[in-house]
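Colleague:
Numbering (our numbering), first residue to last: 159 to 430.
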């Protein structure tokens with residue numbers, strides 16, 4: 159093998175390695191840029207045109223109304239399965255004073271943001287993904303660009319903001335229903351005798367300052383990341399993509415974003 163053949167093989171190997179290395183952070187950088195674009199648009203009143211407001215209202219109505227039933231069902235199951243069992247076994251072990259701290263740390267801080275993020279992704283995120291993918295595949299986004307209309311401002315910004323508002327709304331609803339359902343299950347069984355307000359006060363009183371910051375922040379960022387990843391995944395498709403390749407990729411990106419956000423917030427706030 160002469161020098162030119164060796165150089166050609168090395169060049170091909172380095173090209174494949176570089177392509178693989180660039181493909182890993184590519185979408186992550188796209189999400190960062192898209193997130194900054196959404197934040198920049200929020201701060202400028204000129205971006206809130208009538209079409210953007212109409213799309214925001216439509217997305218928010220579909221998101222909250224569509225995800226309400228799913229959140230109620232999952233919250234009730236979580237209340238029956240987690241809250242009631244935690245109260246029962248802690249009381250059985252003589253550690254009932256730890257009930258509030260356990261529920262606030264496990265249910266509200268860790269489980270609720272992830273479950274709400276998954277509900278948003280499955281109920282509304284996949285719909286946004288398929289809609290944006292269909293618009294991109296059909297060339298409608300290119301047509302809008304040709305007419306001087308920014309698809310990012312018309313579609314991505316209002317849908318991401320709607321997912322952010324829906325995340326904090328449904329997250330708060332999830333936590334309240336889960337705690338209330340768990341209390342009712344324990345009260346029916348005679349496990350607890352205090353009022354529901356005393357039960358909720360015990361949970362809230364066990365929360366620390368970082369919890370009042372971290373829990374709403376998780377709900378907000380989980381919703382915004384799901385909306386942003388789904389919209390950008392629908393835009394970032396090729397001619398060879400179809401639903402069988404687009405939906406698994408978008409779903410995995412949405413799940414990964416929810417998990418990463420929850421871990422990063424825990425690490426940052428845990429240092430304080």
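Glycine included, every Cβ here is placed at the ideal spot set by N, Cα and C. Computed from a predicted model, the values in this text were never measured in an experiment.
Can you name the start and end residues of the alpha helix (DSSP H) that residue 236 belongs to?
Modeller: Here residue 236 refers to the residue found at position 78 of the chain shown. Its alpha helix (DSSP H) spans residues 208-236.
Colleague: With DSSP collapsed to three states, give me the class of residue 398.
Modeller: Within the chain shown, the letter at position 240 stands for residue 398. In this structure, residue 398 counts as coil in the three-state DSSP scheme.
Colleague: Compute the Euclidean distance between the alpha carbons of residue 392 and residue 407, then round it to the nearest angstrom.
Modeller: Here the question's residue 392 lines up with position 234 in the chain shown. Here the question's residue 407 lines up with position 249 in the chain shown. So the alpha carbons of these two residues sit roughly 10 angstroms apart.
Colleague: Determine, using beta-carbon pairs with one atom in the region 326-338 and one in the region 258-273, whether at least three such pairs fall under 8 angstroms.
Modeller: Judged by Cβ distances under 8 angstroms, the region 326-338 makes contact with the region 258-273, as three or more pairs qualify.
Colleague: By the three-class DSSP mapping on this structure, what secondary structure does residue 297 have?
Modeller: Mapped onto the chain shown, residue 297 falls at position 139. Note: residue 297 maps to coil in three-state DSSP.
Colleague: Give every residue of the same chain whose Cβ lies closer than 8 angstroms to the Cβ of residue 187, excluding the five residues on either side of it in the sequence, and list them in chain order.
Modeller: Translated into the one-based positions of the chain shown, residue 187 becomes position 29. No residues qualify anywhere along the chain.
Colleague: Could you have a look at residue 187 and say whether DSSP puts it in helix, strand or coil?
Modeller: Here residue 187 corresponds to residue number 29 of the chain shown, with the count starting at 1. Helix.
Colleague: Report yes if the CB atom of residue 321 is closer than 8 angstroms to the CB atom of residue 384, and no otherwise.
Modeller: On the chain shown, position 163 is the one that residue 321 refers to. On the chain shown, position 226 is the one that residue 384 refers to. Taking 8 angstroms as the Cβ cut-off, residue 321 and residue 384 qualify as a contacting pair.
Colleague: Give the range of the alpha helix (DSSP H) segment to which residue 316 is assigned.
Modeller: Here residue 316 corresponds to residue number 158 of the chain shown, with the count starting at 1. Element bounds for residue 316: 315-347.
Colleague: Residue 341: which of 281, 244 and 198 sits nearest, CA to CA?
Modeller: Within the chain shown, numbered from 1, the residue matching residue 341 stands at position 183. Among 281, 244 and 198, the Cα nearest to that of residue 341 belongs to 244.
Colleague: Taking all protein chains shown into account, do 16 or more other C-beta atoms lie within 10 angstroms of the C-beta of residue 343, making it buried, or fewer, making it exposed?
Modeller: On the chain shown, residue 343 is found 185 positions in, with the first residue counted as 1. The residue is buried, with at least 16 neighbouring Cβ atoms inside 10 Å.
Colleague: If you draw a straight line from the C-alpha of residue 276 to the C-alpha of residue 413, how long is it?
Modeller: The residue you call residue 276 lines up with position 118 of the chain shown. The residue you call residue 413 lines up with position 255 of the chain shown. For residue 276 and residue 413, the distance between alpha carbons rounds to 7 angstroms.
Colleague: Does the region 278-285 touch the region 311-326, meaning 3 or more C-beta pairs lie closer than 8 angstroms?
Modeller: Short answer: they touch.
Colleague: Please report the residue range of the alpha helix (DSSP H) in which residue 261 lies.
Modeller: Locating residue 261 in the chain shown gives position 103, counting from the first residue. It is not in any alpha helix (DSSP H) - residue 261 carries neither H nor E in the DSSP assignment.
Colleague: So residue 372 packs on residue 427, CB below 8 angstroms; how close in whole Å?
Modeller: As a working mapping, residue 372 is identified with position 214 in the chain shown. As a working mapping, residue 427 is identified with position 269 in the chain shown. Confirmed, about 5 angstroms.
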